[in-house]
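Peer 1: The structure under discussion is supplied below as structure tokens; questions concerning it will follow.
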Amino acid sequence: MKKAEYLEKLREKLETFGRELQEEILEDYREHFAEGEKQGKSEEEIIDELGNIEDMIQEMIQDLPEPEGEAVSWVQEPEKSYTYSETFKEVVLKGGVAKIMVSQSEDDQLHVNYEDNGSLSNQMKYEFCQRQENGVYYAEVKRRENVEDSKDEGDELIKIKLFGRTIISYGNASNFGKENHSIILTVKLPQGMPKLNTTVSSGDICLSGLELEEYKATSASGDVNIKEVKIAHSEVHTASGDICVENGTFDKGKFTTASGNINVNDTCISSGSLTTASGNISMKEGGAGEVKYATASGNINLSTNAEGYECGTASGNIKVKAVGTPKKAVLNTASGNVQFHLEDASGVEATVRTMSGNAKVGWKDETRITAKKGTFRYGDGSCKVSIKSVSGNINVQCV
3 MKKAEYLEKL REKLETFGRE LQEEILEDYR EHFAEGEKQG KSEEEIIDEL GNIEDMIQEM
63 IQDLPEPEGE AVSWVQEPEK SYTYSETFKE VVLKGGVAKI MVSQSEDDQL HVNYEDNGSL
123 SNQMKYEFCQ RQENGVYYAE VKRRENVEDS KDEGDELIKI KLFGRTIISY GNASNFGKEN
183 HSIILTVKLP QGMPKLNTTV SSGDICLSGL ELEEYKATSA SGDVNIKEVK IAHSEVHTAS
243 GDICVENGTF DKGKFTTASG NINVNDTCIS SGSLTTASGN ISMKEGGAGE VKYATASGNI
303 NLSTNAEGYE CGTASGNIKV KAVGTPKKAV LNTASGNVQF HLEDASGVEA TVRTMSGNAK
363 VGWKDETRIT AKKGTFRYGD GSCKVSIKSV SGNINVQCV
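Using our numbering, you'd call the opening residue of the sequence shown number 3 and step up by one each time.
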């Protein structure tokens, strides 16, 4: 995670406070980064010193009073529901800070529900807009124009301790540092809906029980959760959010995140890629065709029935448990370790190479061979394995 991304995530977590306090805290953190950079520290080192944002925010709050009085409701209804009988070729949802939940409709209609359970000031900040154009339905949760942050009747006078000094201000302390899911956009799609496009900034995306021709999801810091779906073509991208897929089927699936993790369980992906910069990749159960797995500093952990494995990481470890009869495995890492476990194969041809690590290759009950590099063939050699590591260890075990 870089400085800009870290500060943006902090800003999102501070949204329950007025803008003046938000800017004061953010300015303190900018100064902390500037001071660290003067000392020759990298952005990553400074972020490690600052620690986890959620934990840090909770530690800031001092002497919280108990909330008093009844919750304040805005004159405008915080919940709105709509039903459409029209046939749409695509649904486009922009959630912003809202959590988007999409599932299957029980009838042939499109159902949309907007709910804001936040404070009075929160309800005044955001609005729900929708329109139809050329057979496409658009819905968006966006911040209202010309609405200034103000003290809400539900806000309390609280004390924040930050970098050795104390700040007194108003805010909703009960929600401070917690997930901002006060706004929820719930959509139920009729069967036969071909395309769905969802975009959020800090909100999460939850998709379940759908069959689609095409699905696109984009998130800044929110997570994307996909469950029990059948999608022909899927593209999911997050900046710092995690991607979780369970019990899905994808003809082509492309899942990408910058600093989040990718976890896939009981899912079949015929072709595509799982890519992350600093996060981890995990895929268990299910099956895969021609799928590429890549991470810069994270780990890759696979246990699937796949035609082949193509994995690459710079400093992370790679661990593959191959189920079935894969045709090939190409596993490369710079400083990480590689473990490849193959069961019930009729043969293997393993080419291994490491500079400063150790390489071990074992075939069933035969003696394990240890070498820095070499090609070792057993049985009919049907599974082609190529593993490279600069400073890590390599372990190939066929049972």
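Where a beta carbon is used, it is the ideal one built from N, C-alpha and C, also for glycine.
1. Does the Cβ of Lys-82 have 16 or more other Cβ atoms within 10 Å, making it buried, or fewer, making it exposed?
2. Is Lys-91 buried or exposed, if buried means 16 or more other CB atoms sit within 10 Å of its CB?
3. With a threshold of 16 other CB atoms inside 10 Å of the CB of Cys-400, please say whether the residue is buried or exposed.
4. Output the boundary residues of the alpha helix (DSSP H) element that contains Leu-9.
5. Whole angstroms is fine: what's the gap from Lys-375's alpha carbon to Val-387's?
6. Just to confirm, is the Cβ distance from Leu-209 to Ile-186 under 8 Å?
7. I'd like the list of long-range same chain contacts for Ser-184, defined as Cβ closer than 7 Å, with 5 residues on each side in sequence excluded.
8. Which of the three DSSP states is assigned to Leu-212 in this structure?
9. Using CA atoms only, rank isn't needed, just tell me which of Asn-267, Ser-299, Glu-25 and Phe-257 is closest to Asn-339.
10. I'd like to confirm the pairing. Which residues does DSSP put opposite Ser-236 in its beta bridges?
11. Leaving aside the five residues before and after Ser-275 along the sequence, list all residues of the same chain whose C-beta is less than 6 Å from its C-beta, in chain order.
12. Between which two residues does the beta strand (DSSP E) holding Asp-118 run?
13. With the cut-off set at 8 Å, would you say Gly-359 and Ser-391 are in Cβ contact?
14. Whole angstroms are fine: how far does the CA of Glu-309 sit from the CA of Glu-129?
15. May I ask you to report which of helix, strand or coil DSSP gives Val-387?
16. Around the Cβ of Ala-361, are there at least 16 other Cβ atoms within 10 angstroms (buried) or fewer (exposed)?
17. Assign Ala-36 to one of two classes, buried (16 or more other C-beta atoms within 10 Å of its C-beta) or exposed (fewer than that).
18. Answer yes if the stretch 196-207 comes into contact with the stretch 224-240, meaning at least three C-beta pairs across the two stretches below 8 Å, and no otherwise.
19. In three-state terms, what does DSSP make of Trp-76?
20. Using the Cβ count rule (16 or more neighbours within 10 Å means buried), how would you classify Ser-44?
21. Counting along the chain, where does the beta strand (DSSP E) carrying Glu-287 start and finish?
22. Would Gln-24 and Arg-32 be called neighbours here (beta carbons separated by less than 8 Å)?
23. Is the separation between the beta-carbon of Val-354 and that of Val-398 shorter than 8 Å?
24. Report the residue from Asn-54, Ser-280, Leu-344 and Met-3 whose alpha carbon sits nearest the alpha carbon of Gly-326.
25. Do Thr-269 and Thr-240 come within 8 Å of each other at the CB atom, strictly closer than that value?
26. Let me know the alpha helix (DSSP H) ranges lying completely inside the stretch 338-366, each 4 residues or longer, listed in chain order.
27. Exposed or buried, which one is Asp-50 when buried takes at least 16 other CB atoms within 10 Å?
Peer 2: Looking at the atomic coordinates:
1. As a working note, residue 82 is residue 80 in the sequence shown. By the neighbour-count rule (16 or more Cβ atoms within 10 Å), Lys-82 is not buried but exposed.
2. Stepping through the sequence shown from its first residue, residue 91 is reached at position 89. Exposed is the call here.
3. Within the sequence shown, the letter at position 398 stands for residue 400. It is buried - the Cβ of Cys-400 has at least 16 other Cβ atoms within 10 Å.
4. As a position in the sequence shown, residue 9 is number 7, starting the count at 1. Start and end: 5-15.
5. As a first step, residue 375 must be located in the sequence shown, where it is residue number 373. As a first step, residue 387 must be located in the sequence shown, where it is residue number 385. Going by the C-alpha atoms only, they are around 13 Å apart.
6. As a working note, residue 209 is residue 207 in the sequence shown. As a working note, residue 186 is residue 184 in the sequence shown. It is not a contact, given that the beta carbons lie outside the stated cut-off.
7. As a working mapping, residue 184 is identified with position 182 in the sequence shown. Here the set comprises Asp-118, Asn-119, Gly-120 and Asn-124.
8. In the sequence shown, residue 212 corresponds to position 210, counting from 1. Leu-212 falls in the coil class under three-state DSSP.
9. Numbered from 1 along the sequence shown, position 337 holds the residue referred to as residue 339. It is Ser-299 whose Cα lies nearest to the Cα of Asn-339.
10. Mapped onto the sequence shown, residue 236 falls at position 234. Tyr-217 and Gly-255.
11. On the sequence shown, residue 275 is found 273 positions in, with the first residue counted as 1. Lys-256 and Lys-294.
12. Here residue 118 refers to the residue found at position 116 when the sequence shown is read from its first residue. Its beta strand (DSSP E) spans residues 112-118.
13. Taking the first residue of the sequence shown as position 1, residue 359 is located at position 357. Taking the first residue of the sequence shown as position 1, residue 391 is located at position 389. Cβ distance < 8 Å, so Gly-359 and Ser-391 count as in contact.
14. Along the sequence shown, one-based indexing puts residue 129 at 127. Along the sequence shown, one-based indexing puts residue 309 at 307. Cα to Cα, Glu-129 sits roughly 48 Å from Glu-309.
15. For the purposes of this step, residue 387 is taken as the residue at position 385 of the sequence shown. Of the three classes helix, strand and coil, the one that applies to Val-387 here is strand, per DSSP.
16. Stepping through the sequence shown from its first residue, residue 361 is reached at position 359. Ala-361 should be labelled buried.
17. Taking the first residue of the sequence shown as position 1, residue 36 is located at position 34. Per the 10 Å Cβ criterion, exposed.
18. yes
19. By one-based count along the sequence shown, residue 76 stands at place 74. Residue confidence for Trp-76 is low, a pLDDT of 40 falling below 50, so the modelled location carries little weight and cannot support an answer.
20. Translated into the one-based positions of the sequence shown, residue 44 becomes position 42. It counts as exposed.
21. In the sequence shown, the residue the question calls residue 287 occupies position 285. Segment 283-297, the beta strand (DSSP E) holding Glu-287.
22. Mapped onto the sequence shown, residue 24 falls at position 22. Mapped onto the sequence shown, residue 32 falls at position 30. No, the Cβ-Cβ distance between Gln-24 and Arg-32 is not below 8 Å.
23. Against the sequence shown, residue 354 aligns to sequence position 352. Against the sequence shown, residue 398 aligns to sequence position 396. For Val-354 and Val-398, yes; Cβs fall inside 8 Å.
24. Position 324 of the sequence shown, counting from 1, holds the residue named residue 326. Closest by alpha carbon: Leu-344.
25. Taking the sequence shown and counting its residues from 1, the one referred to as residue 240 is at position 238. Taking the sequence shown and counting its residues from 1, the one referred to as residue 269 is at position 267. In this structure, Thr-269 does not lie closer than 8 Å to Thr-240 by Cβ.
26. Runs found: none.
27. As a first step, residue 50 is located in the sequence shown; it is residue number 48 there, counting from the start. Per the 10 Å Cβ criterion, exposed.
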